[in-house]
Amino acid sequence: MLTQLTIHNFAIVKFLELDLQSGMTSITGETGAGKSIAIDALGLALGGRAEASMIRPGCDKTEISARFNLLRNPPARRWLQQQELETEDECLLRRVITAEGRSRAYINGTPVPLAQLKALGQLLINIHGQHAHQLLMRPEQQLAILDAYAAHTSLLEEVRQHHQSWRQQQQTLLRLQQEAEQRQARRQLLEYQVQELDEFALQDGEFATIEAEHSRLANSGALVADCQYCLDGLHDNDEYTVLGQLKALIRRLEQMQSLDPALQPALGLLQEAQIQLDEGYDELRHYLDRLEPDPERFAQLESRLTKTLDLARKHQIKPAELVAHHAGLQAELTSLLACDEQLEGLQAGLQASLSAYQAAAGRLSASRSRYAQQLGEQISQHMQQLNMPQGRLVIDISPAADRHPSPLGQDLVQFLVATNPGQPLQPLAKVASGGELSRISLAIQVITAERIATPSLIFDEVDVGISGPTAAVVGRLLRQLGQSTQVLVVTHLPQVAGQGHHHFLVAKQHDGEQTQTSMAALDLSGRLGELARLLGGDQITDNTLANARELLAQA
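The sequence shown maps to residues 1 to 555 in the UniProt record's numbering.
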């Protein structure tokens with residue numbers, strides 16, 4: 001419930017602080033006094049669009065605060081907890097707008113994005129404007145009214161989720177189908193390339209091994225000659241060998257070492273060198289013994305090496321990368337084959353999702369049909385009370401023409417109305433006059449407000465085009481609504497204003513330089529005077545005062 005509204009430097013309001021109570025509160029004032037200014041300011045506090053022109057002339061900013069009691073509003077308390085904002089029995093919304101057009105929003109003193117302010121505002125208060133009846137002519141608004149009356153939140157969410165799942169699968173399926181031709185061509189190429197590489201079956205590291213062995217066999221003649229030359233130089237030459245010379249040097253040093261022991265280190269190193277040369281000679285001998293020309297093996301290696309190089313050029317990679325490239329092509333082919341399997345699975349899954357959606361949409365349609373009859377009967381009763389004694393409204397529900405899945409279901413909802421005897425039911429926009437449409441809209445707002453657990457409701461001059469006995473009925477309806485929720489009503493009708501549990505008067509003052517709007521609560525005497533003014537104009541007479549007393553007595 002809204003308990004306090006504070007306004008600083010907004011439009012023609014310098015400062016205004018309103019303490020509000022439960023029940024129905026009437027707000028009246030002369031034409032042009034700014035009866036809706038508090039509602040406009042409250043709209044800003046709830047996250048409405050801000051403009052620098054809203055700031056009072058000569059001021060650098062406007063500031064609006066709205067305080068709410070949350071004792072009877074569990075949804076708002078849960079929302080605050082989920083957003084990790086301070087949660088108490090009260091909640092304070094604050095909005096600051098600077099002359100530069102910048103806007104800041106706060107919840108319980110914590111700066112928040114404007115979207116959060118709007119989200120919380122929807123749980124705190126509902127504002128019905130004087131142009132609501134114009135929205136009523138739109139099919140989507142009629143559908144929203146029915147769903148709100150029937151409390152279809154969970155059913156709508158179920159339909160929305162099934163629609164989202166169906167839509168996502170449909171988009172994936174369409175994408176895969178559109179890419180199918182490209183995938184088919186790519187798959188054929190990959191199948192050929194992978195088969196060719198499979199048949200060749202090059203192993204990891206094989207290219208380096210082939211290349212080394214091929215090089216050895218290709219140069220085997222030179223290697224034999226060079227190895228023999230080295231063996232001859234080391235040992236096999238009868239005339240002069242490295243090992244023979246080294247052995248002779250060692251023998252000489254052994255004789256010298258007997259004369260001077262200081263030669264021992266040098267002798268030891270040469271002896272070690274002899275051992276190394278002997279081992280090197282043995283290794284070369286063994287290598288030469290194994291090095292035999294093998295023309296058949298060489299031909300095999302030549303063929304495999306040539307094929308490896310050809311495949312590498314064909315795929316525009318280095319020969320050493322061919323094995324990894326082969327694995328990559330195989331993985332891509334596997335993925336493409338999986339896409340084909342996925343396509344088949346998606347087609348089956350899409351049908352299952354569509355069936356689940358249609359089942360949920362069917363449950364929603366059945367519930368809409370049930371509540372449509374109930375809501376239509378209630379609106380008809382209120383129409384008859386609002387000076388349309390033969391008025392009747394029927395809510396027609398039919399399948400949407402295209403039957404295409406929608407997040408809101410597959411129903412076309414249309415309000416059909418007859419306002420006069422013998423008149424056939426026709427779409428609301430074609431039959432109702434402006435005054436009739438306004439009364440029907442008000443009836444719908446009152447009925448749906450009783451069903452929707454919004455702690456506070458504001459009706460901003462929704463009684464335009466209504467007068468006389470009808471106005472009295474409207475007033476009683478709003479007062480009845482105020483028994484269960486807080487209702488603020490901006491009105492120009494005494495029959496409506498007199499039904500309020502509380503009454504505020506909006507007035508405009510001029511000091512010769514500036515204009516200022518004020519808003520004050522009226523006591524019994526003030527209410528009588530204001531109701532008398534609404535009844536008879538500026539001239540307040542004993543008769544208008546008597547009528548005012550009668551209005552209050554009836555309330």
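Even for Gly, the Cβ is constructed at its ideal location relative to N, Cα and C.
For proline 399, the first and last residue of its enclosing beta strand (DSSP E): Per DSSP, proline 399 belongs to the beta strand (DSSP E) from 392-399.
Leucine 123 versus leucine 44: straight-line alpha-carbon distance, rounded: Approximately 15 Å, taken between the alpha carbons.
Which listed residue (Gln316, Thr241, Leu234, Thr31) has its alpha carbon closest to that of glutamate 279: Of the candidates Gln316, Thr241, Leu234, Thr31, the one whose C-alpha sits nearest the C-alpha of glutamate 279 is Leu234.
Best match in Lys314, Glu283, Glu296 for proximity to tyrosine 192 [C-alpha to C-alpha]: With distances taken between Cα atoms, tyrosine 192 lies closest to Lys314.
Span separating the alpha-carbon of alanine 546 from that of alanine 418: Going by the C-alpha atoms only, they are around 38 Å apart.
Closest Cα partner of leucine 71 within the set Leu481, Pro455, His510, Leu156: When each option's Cα is compared against that of leucine 71, the closest is Pro455.
Residues bridged to aspartate 411 [DSSP beta-bridge criterion]: DSSP lists Pro399 as partners of aspartate 411.
Cβ neighbour criterion (16 or more within 10 Å) applied to isoleucine 7: With 16 or more Cβ atoms within 10 Å of its Cβ, isoleucine 7 is classed as buried.
Cut-off 7 Å between Cβ atoms - residues of its own chain near residue 596, not counting five sequence neighbours on either side: Nothing about residue 596 can be read from this structure; the chain reaches only from 1 to 555.
CA-to-CA distance, leucine 354 to glutamine 188, given in whole angstroms: CA-to-CA, the gap between glutamine 188 and leucine 354 works out to about 34 Å.
When Ile27, Leu249, Ala312, Leu146 are compared against leucine 394, the one with the closest alpha-carbon: Note on identity: in this sequence residue 394 is valine, with leucine being the wrong assignment. Closest in alpha carbon position to valine 394, among Ile27, Leu249, Ala312, Leu146, is Leu146.
Between the CA atoms of glycine 422 and serine 103 - distance to the nearest angstrom: The alpha-carbon atoms of serine 103 and glycine 422 are separated by roughly 56 Å.
Simplified DSSP assignment, three categories, for leucine 505: DSSP places leucine 505 in strand when its eight states are reduced to three.
Boundaries (first-last residue) of the alpha helix (DSSP H) holding aspartate 289: 264-290 is the span of the alpha helix (DSSP H), which, as asked, contains aspartate 289.
Backbone secondary structure at leucine 332 - three-state DSSP: Reading the sequence as shown, one finds glutamate at residue 332 and not leucine. Helix at glutamate 332.
Own chain, CB closer than 6 Å to alanine 532, minus 5 neighbours either side, in chain order: Here alanine 532 has Ile540, Thr544, Leu545, Ala548 as same chain residues with Cβ atoms under 6 Å from its own Cβ, once five neighbours each way along the sequence are excluded.
Residues that aspartate 19 bridges to, as DSSP identifies them: Paired residue(s): Gln4.
Through-space distance from leucine 534 to alanine 553, alpha-carbon basis: Cα to Cα, the separation comes out at about 17 Å.
DSSP three-state assignment for leucine 197, whether helix, strand or coil: Leucine 197 falls in the helix class under three-state DSSP.
Residue from His152, Thr308, Arg167, Thr517 with nearest C-alpha to glutamate 30: It is Thr517.
Rounded straight-line distance, which links the Cα of leucine 505 to that of histidine 163: Using only the alpha carbons, I get a separation of about 50 Å.
Where the alpha helix (DSSP H) containing histidine 128 begins and where it ends: No alpha helix (DSSP H) contains histidine 128, which is instead part of the beta strand (DSSP E) from 125-128.
Length of the line joining the Cα atoms of glycine 34 and glutamate 513: The C-alpha of glycine 34 lies about 18 Å from the C-alpha of glutamate 513.
Buried/exposed call for glutamate 90, threshold 16 Cβ in 10 Å: Glutamate 90 comes out exposed.
Neighbourhood of leucine 425 by C-beta distance below 6 Å, restricted to the same chain and skipping five residues each side: Same-chain partners within the cutoff: Val394, Leu416, Ala418.
Check: leucine 428 C-beta below 7 Å from any heavy atom of the ligand COA: The ligand COA is not part of this structure, which contains no ligands at all.
Whole-angstrom distance between leucine 16 and glycine 58, CA atom to CA atom: Glycine 58 and leucine 16: Cα-Cα distance of roughly 17 Å.
Glutamate 377 in three-state terms, based on DSSP: Glutamate 377: helix per DSSP, three-state reduction.
8 Å contact criterion, which lysine 318 and phenylalanine 200 should meet: CB distance rounded: Actually they do not touch by this definition, with Cβ atoms about 16 Å apart.
The segment 366-385 in contact with the segment 143-162 per 3-pair CB rule at 8 Å: Yes, the segment 366-385 is in contact with the segment 143-162.
Burial state of residue 561 (16 or more Cβ within 10 Å): Outside the displayed span of the chain (1 to 555) sits residue 561, for which this structure offers no information.
Buried versus exposed, by CB contacts within 10 Å (16 or more), leucine 47: Sequence check: residue 47 is glycine here, not leucine. Glycine 47 should be labelled buried.
Helix, strand or coil at cysteine 59 [DSSP, three-state]: In this structure, cysteine 59 counts as coil in the three-state DSSP scheme.
Rounded separation between serine 36 and aspartate 396 - CA only: Approximately 36 Å, taken between the alpha carbons.
For glutamine 516, the three-state DSSP class (helix, strand or coil): Reduced to three states, the DSSP call for glutamine 516 is strand.
Exposure of isoleucine 275, with buried meaning 16 or more beta-carbon neighbours within 10 Å: Answer is exposed; the Cβ neighbour count stays below 16.
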